[in-house]
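K.L.:
Once you've had a glance at the structure underneath, I'll fire off some questions.
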Amino acid sequence: NAGVTQTPKFRILKIGQSMTLQCTQDMNHNYMYWYRQDPGMGLKLIYYSVGAGITDKGEVPNGYNVSRSTTEDFPLRLELAAPSQTSVYFCASISNTEAFFGQGTRLTVV
Amino acid sequence: GQSLEQPSEVTAVEGAIVQINCTYQTSGFYGLSWYQQHDGGAPTFLSYNGLDGLEETGRFSSFLSRSDSYGYLLLQELQMKDSASYFCAVKGAGSGNTGKLIFGQGTTLQVKP
Chain A
23 NAGVTQTPKF
33 RILKIGQSMT
43 LQCTQDMNHN
53 YMYWYRQDPG
63 MGLKLIYYSV
73 GAGITDKGEV
83 PNGYNVSRST
93 TEDFPLRLEL
103 AAPSQTSVYF
113 CASISNTEAF
123 FGQGTRLTVV
Chain B
5 GQSLEQPSEV
15 TAVEGAIVQI
25 NCTYQTSGFY
35 GLSWYQQHDG
45 GAPTFLSYNG
55 LDGLEETGRF
65 SSFLSRSDSY
75 GYLLLQELQM
85 KDSASYFCAV
95 KGAGSGNTGK
105 LIFGQGTTLQ
115 VKP
């Protein structure tokens, strides 16, 4: 089983550029999440989805957008990259009790 | 909304027992879970409490008291490899929080020889 797959692993963006972080899970989970984690800090929820076609804002949604057209995929879009978006991003899906995380994307905005 | 509080750092020696506490505020939730994260890695699941009481998984145990809005993770027979960050998390239920999975700020555990 692949579990949760995130791409890319690393990315450097210039201020104002756009990009999409991809996330795919093969466990048929309805719930999926995007988090950001700054150095030495906890996981902050950006957006989440409770099923295909349904998305909702988390704690820090500004500057990001998501879509959930299928159960498997939950991409995160950054439209106008800013230095404040430099962080490590994690995608996750959850069964009834356990969250499974992707390996993370280390994003630097310069 | 939902919020969770944990101590920022804990230090213990190899072979000892350590308890990491988590207090939370939420209007409703399904259960309290715990995750471990080593430097540079992704969080991995350790334990889940859906009901009050103690859950034991090998050297790790977790406890939940809904009436006290409190839980803890207990690590026994500490090993050097247990040095990591530990996060508690709740998955919201009802009142616009359904499905929202929120994490505490994390507790950095340092195990010394």
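Those protein sequence lines, which keep their order, are chains A and B.
If you want this note's numbering, it's the position in the first sequence, counting the first as 1, plus 22.
If you want this note's numbering, it's the position in the second sequence, counting the first as 1, plus 4.
All C-beta atoms in this analysis are idealised placements derived from N, C-alpha and C, irrespective of residue type, glycine included.
Helix, strand or coil for B:Gln-23? Go by DSSP, reduced to three states.
P.N.:
Three-state result, B:Gln-23: strand.
K.L.:
Would you tell me roughly how many angstroms separate the C-alpha atoms of B:Ser-65 and A:Glu-81, rounded to the nearest one?
P.N.:
For B:Ser-65 and A:Glu-81, the distance between alpha carbons rounds to 29 Å.
K.L.:
When the distance is taken between beta carbons, is B:Ala-46 closer than 8 Å to A:Gln-125?
P.N.:
For A:Gln-125 and B:Ala-46, yes; Cβs fall inside 8 Å.
K.L.:
B:Asp-43 by DSSP, collapsed to three states: which one?
P.N.:
If DSSP states are grouped into helix, strand and coil, B:Asp-43 belongs with coil.
K.L.:
Determine the contact status of B:Val-14 and B:Lys-116, defining contact as a CB-CB distance below 8 Å.
P.N.:
Going by C-beta atoms, B:Val-14 is not nearer than 8 Å to B:Lys-116.
K.L.:
Assuming contact is defined by CB atoms lying nearer than 8 Å, are A:Val-131 and A:Leu-35 in contact in what I supplied?
P.N.:
Yes, they are a contact pair.
K.L.:
So, does the CB of A:Tyr-69 fall closer than 8 Å to a CB anywhere in chain B?
P.N.:
Answer no: the Cβ-Cβ gap between A:Tyr-69 and chain B never drops below 8 Å.
K.L.:
For chain B, is any of its Cβ atoms less than 8 Å away from the one on A:Glu-120?
P.N.:
Yes - at least one Cβ of chain B is within 8 Å of the one on A:Glu-120.
K.L.:
B:Leu-78 lies in the beta strand (DSSP E); which residues open and close that run?
P.N.:
Unbroken beta strand (DSSP E) run through B:Leu-78: 74-79.
K.L.:
Determine the chain A residues that contact B:Tyr-52 at a beta-carbon separation under 7 Å, and present them in chain order.
P.N.:
Thr-119, Glu-120, listed in chain order.
K.L.:
Does B:Gln-6 pass the burial test, meaning 16 or more other C-beta atoms within 10 Å, or should it be called exposed?
P.N.:
The residue in question, B:Gln-6, is buried, as its Cβ has 16 or more Cβ neighbours within 10 Å.
K.L.:
With a threshold of 8 Å between beta carbons, is A:Ile-34 in contact with chain B?
P.N.:
False, the Cβ-Cβ gap to chain B never drops below 8 Å.
K.L.:
Counting only Cβ-Cβ distances shorter than 8 Å, please list the residues of the segment 36-50 of chain A near chain B, keeping chain order.
P.N.:
Residues passing the 8 Å Cβ filter: none.
K.L.:
Take A:Cys-113 as the anchor and find which of A:Val-88, A:Pro-105, A:Ala-104 has the nearest alpha-carbon.
P.N.:
Of A:Val-88, A:Pro-105, A:Ala-104, the residue nearest in Cα terms is A:Val-88.
K.L.:
Is the shortest distance between the beta-carbon of B:Ala-97 and the beta-carbons of chain A less than 8 Å?
P.N.:
Closer than 8 Å: no.
K.L.:
Mark A:Gln-59 as exposed unless 16 or more other C-beta atoms lie within 10 angstroms of its C-beta, in which case mark it buried.
P.N.:
Burial call: buried.
K.L.:
Does the contact criterion of 3 or more C-beta pairs under 8 Å hold for the segment 95-103 of chain B versus the segment 19-36 of chain B?
P.N.:
Contact holds: three or more Cβ-Cβ distances are below 8 Å.
K.L.:
Pairing CB atoms from the segment 18-28 of chain B with CB atoms from the segment 81-95 of chain B, are three or more of them under 8 Å?
P.N.:
Judged by Cβ distances under 8 Å, the segment 18-28 of chain B makes contact with the segment 81-95 of chain B, as three or more pairs qualify.
K.L.:
Measuring CA to CA, which of A:Gln-39, A:Thr-46, A:Ser-40 is closest to A:Gln-28?
P.N.:
For A:Gln-28, the nearest C-alpha among the options comes from A:Thr-46.
K.L.:
Considering only C-alpha positions, which residue in the set A:Asn-118, A:Val-72, A:Trp-56 is nearest to A:Leu-43?
P.N.:
When only C-alpha atoms are compared, the closest one is A:Trp-56.
K.L.:
Taking A:Phe-96 as part of the beta strand (DSSP E), name the residues at either end of that continuous run.
P.N.:
Segment: none, A:Phe-96 is in no beta strand (DSSP E) and carries neither H nor E.
K.L.:
When DSSP labels each residue in this structure, what does A:Gln-39 get in the three-state scheme?
P.N.:
A:Gln-39: coil per DSSP, three-state reduction.
K.L.:
What three-state label does DSSP hand A:Gln-47 in the structure shown?
P.N.:
In the structure shown, A:Gln-47 sits in a strand (DSSP, three-state: E or B).
K.L.:
Could you give the C-beta distance for B:Ile-106 and A:Leu-67, rounded to a whole number, given that I count them as a contact under 8 Å?
P.N.:
Indeed, because the Cβ distance is near 6 Å, the residues count as touching under 8 Å.
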